[in-house]
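Down below is the structure, laid out as structure tokens.
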Amino acid sequence: MKKLLLIISLIFLTGAGCEIKQQAEQPAQETGAPITNEITQPVGEATNTSEEANISITNVETNVNTNAAVITPTPKPAATPQTAPTTTTPETKATAPEAKPVVPEITEEKPMTRGTFDPDFVLEVYDKNKAVDGTTLLADNHNTDKPRIIEVNMLGEIIWEYDIPQDLKKYTNPGLDIELLSNNNILFVLPGNGVYEINRNKAIVWSYKTTKISHDADRLSNGNTLFVFGNNDLMSDAQVTEVNPQGQIVWSWYAKDYFNKEPYASAKDQGWTHTNAVSRLSNGDTLISTRNFNMVVEVNQTGEVVKIIGEGIMVEQHDPVLLANGNFLFANHGTPEKAVEINSAGNIVWEFAISDSKQWPVRDANRLANGNTLITTTTKIVEVSKDKEIVWSFAIKDTSKFIGQASAGLGFYKAERIVE
Ligand SMILES: [Ca+2]
Ligand SMILES: [Ca+2]
2 MKKLLLIISL
12 IFLTGAGCEI
22 KQQAEQPAQE
32 TGAPITNEIT
42 QPVGEATNTS
52 EEANISITNV
62 ETNVNTNAAV
72 ITPTPKPAAT
82 PQTAPTTTTP
92 ETKATAPEAK
102 PVVPEITEEK
112 PMTRGTFDPD
122 FVLEVYDKNK
132 AVDGTTLLAD
142 NHNTDKPRII
152 EVNMLGEIIW
162 EYDIPQDLKK
172 YTNPGLDIEL
182 LSNNNILFVL
192 PGNGVYEINR
202 NKAIVWSYKT
212 TKISHDADRL
222 SNGNTLFVFG
232 NNDLMSDAQV
242 TEVNPQGQIV
252 WSWYAKDYFN
262 KEPYASAKDQ
272 GWTHTNAVSR
282 LSNGDTLIST
292 RNFNMVVEVN
302 QTGEVVKIIG
312 EGIMVEQHDP
322 VLLANGNFLF
332 ANHGTPEKAV
342 EINSAGNIVW
352 EFAISDSKQW
362 PVRDANRLAN
372 GNTLITTTTK
382 IVEVSKDKEI
392 VWSFAIKDTS
402 KFIGQASAGL
412 GFYKAERIVE
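This note's numbering applies: residue 2 is where the sequence shown begins, and numbers increase by one.
Right, here's the structure in full:
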């Protein structure tokens, strides 16, 4: 039986590009001497997904052309394949104290779906042993001429892409929200325009058009779609609306019915409430992130507020999620911005700070199956372990235009790790 050894070694250096090197050695058919074939091609050109290979990933020095990758086609294992693992010893430069070698070893591996690496991005960290294997679906608006939804593999290669239609590309802010549906379609929000469902062939299969939508939409288990409106919302607006597949409004929630009183009534920052997230809980209640109130409210089916969550801790929070353990995880603004987990008593039980101003603002935090957290900032999507080690980091390479308020409508917005 063939045995496949996969060695992944990764060094990340600040500003480094990424080189992918596939290597294999096996006895030459006649001489027994190792043979190595190398071809050079840009990252992202067709890569062989069917051949079995030993893969090593090495970030290269900053002066290396990051388009260049050395890819060595791997012969099928010989009758007596070499089984001893080879270890790549990372180079550590004195000038790059951040260098962080990781040498995970995996003995069996389902082939990764390969794609095209966009040189505008950089895969800064990939710890094969600690990251949750899968793909990452994200909204990408680092090039405002080409806002898109992309799915990348763990190497950061794009394996699926949907460009927002040209006539709609101005509707990306605030909140180009994306969500993978159970039918493998993708639901996304174009703020100020509508919510769309597309299939993997990039055909729009459902939509609901309204100018009063922003930030977040969810497909519910009954087939309805729930969305928020918080971009310059008025007291007369519904902050949350649920529509059925036929586009009829079946439920709505008006903050004015409960919060037309101080200190809430006078709130104002890009709208009255700037409500930016909603989710339907298993008990039928609805969790609503009223950003300008710095809290999340749980409302019952008649819209009555039954619980206030995060008061005193939340600061312009984004995308709160109720975890399986009853805690809440959310992206929190403030200085520094953080991903924060609080328990049902309202105490912080975990947090991860993002102090790099180029990553402002932080707008998504998702808990993954192994306890890691996927955090989406404007210029990076980072996966961090429970003990706060960054185990995967996918970044926009050129952050020069990410300055202050201009960053809010640029770059990444939300991301989901998809695990089969
Ligand atoms: Ca959503
Ligand atoms: Ca989320």
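C-beta atoms are modelled at their ideal positions from N, C-alpha and C, and glycine is treated no differently.
For this session: Mind checking which residues open and close the beta strand (DSSP E) that includes D141?
Result: Note, D141: beta strand (DSSP E), T136 to N142.
Exercise. Mind pulling the beta strand (DSSP E) runs of 3 or more residues that sit fully within the segment 325-355?
Worked result: The qualifying runs are 329-333, 338-343 and 349-355.
For this session: Quick one: using the 10 Å Cβ neighbour count with 16 as the cut-off for buried, is N442 buried or exposed?
Result: As displayed, the chain neither begins before 2 nor continues past 421, which places residue 442 out of reach and without an answer.
For this session: Mark I355 as exposed unless 16 or more other C-beta atoms lie within 10 angstroms of its C-beta, in which case mark it buried.
Result: buried
Exercise. Is it true that the CB of T226 sits closer than 8 Å to the CB of V244?
Worked result: yes
Exercise. With burial defined as no fewer than 16 other Cβ atoms inside 10 Å of the residue's Cβ, what is the status of T274: buried or exposed?
Worked result: buried
Exercise. Looking at C-beta atoms only, is the number of pairs between the segment 152-164 and the segment 135-142 that lie closer than 8 Å three or more?
Worked result: yes
For this session: Classify A407 as helix, strand or coil using the three-state DSSP reduction.
Result: helix
Problem set entry | Proximity test, D320 beta-carbon vs ligand 2 heavy atom, cut-off 7 Å | yes
Problem set entry | Cα-Cα separation, V392 to A409 | 25 Å
Exercise. How long is the line joining the alpha carbons of G347 and P112, rounded to whole angstroms?
Worked result: Distance between the alpha carbons of G347 and P112: 43 Å.
Problem set entry | C-beta atoms of L411 and H143 nearer than 8 Å | yes
Exercise. Which class does L235 belong to by DSSP, given the choice of helix, strand or coil?
Worked result: coil
Exercise. Does ligand 2 have a heavy atom nearer than 7 Å to the CB of N367?
Worked result: yes
For this session: Decide if the segment 360-371 is in contact with the segment 325-341; the criterion is three or more beta carbon pairs, one per stretch, under 8 Å apart.
Result: yes
Exercise. With burial defined as no fewer than 16 other Cβ atoms inside 10 Å of the residue's Cβ, what is the status of S401: buried or exposed?
Worked result: Exposed: under 16 other Cβ atoms inside 10 Å.
Problem set entry | Cβ neighbours of I343 in the same chain (closer than 7 Å, five flanking residues each side left out) | Contacts found: G311, I314, N328, F329, I349 and V350.
Exercise. According to the neighbour-count rule (16 or more other Cβ atoms, all chains shown, within 10 Å of its Cβ), is D320 buried or exposed?
Worked result: By the neighbour-count definition (other C-beta atoms within 10 Å, threshold 16), D320 is a buried residue.
Problem set entry | beta-carbon I339 near ligand 2 non-hydrogen atom, thresh 7 Å | Per the sequence shown, the amino acid found at residue 339 is Lys instead of Ile. Not so, every heavy atom of ligand 2 lies at least 7 Å from the Cβ.
Exercise. Any heavy atom of ligand 2 closer than 7 Å to the CB of K402?
Worked result: no
Problem set entry | Contact under 8 Å by Cβ, S1 with A266 | Because the chain spans 2 through 421 in this model, residue 1 falls outside it and cannot be assessed.
Problem set entry | Whole-number beta carbon distance between Q271 and A290, since they are thought to touch under 8 Å | The question names Ala, but residue 290 is Ser in the sequence shown. With 8 Å as the limit, S290 and Q271 do not qualify as a contact, their Cβ atoms being about 14 Å apart.
Exercise. Going straight from the alpha carbon of P264 to that of N202, what length do you get?
Worked result: 48 Å
For this session: Between the Cα of G304 and those of L324, R281 and V322, spot the shortest distance and give me the residue it belongs to.
Result: Ranked by Cα distance from G304, the options L324, R281 and V322 are led by R281.
Exercise. With a CB to CB cut of under 6 Å and the five nearest residues on each side skipped, what residues in its chain are close to K308?
Worked result: E299
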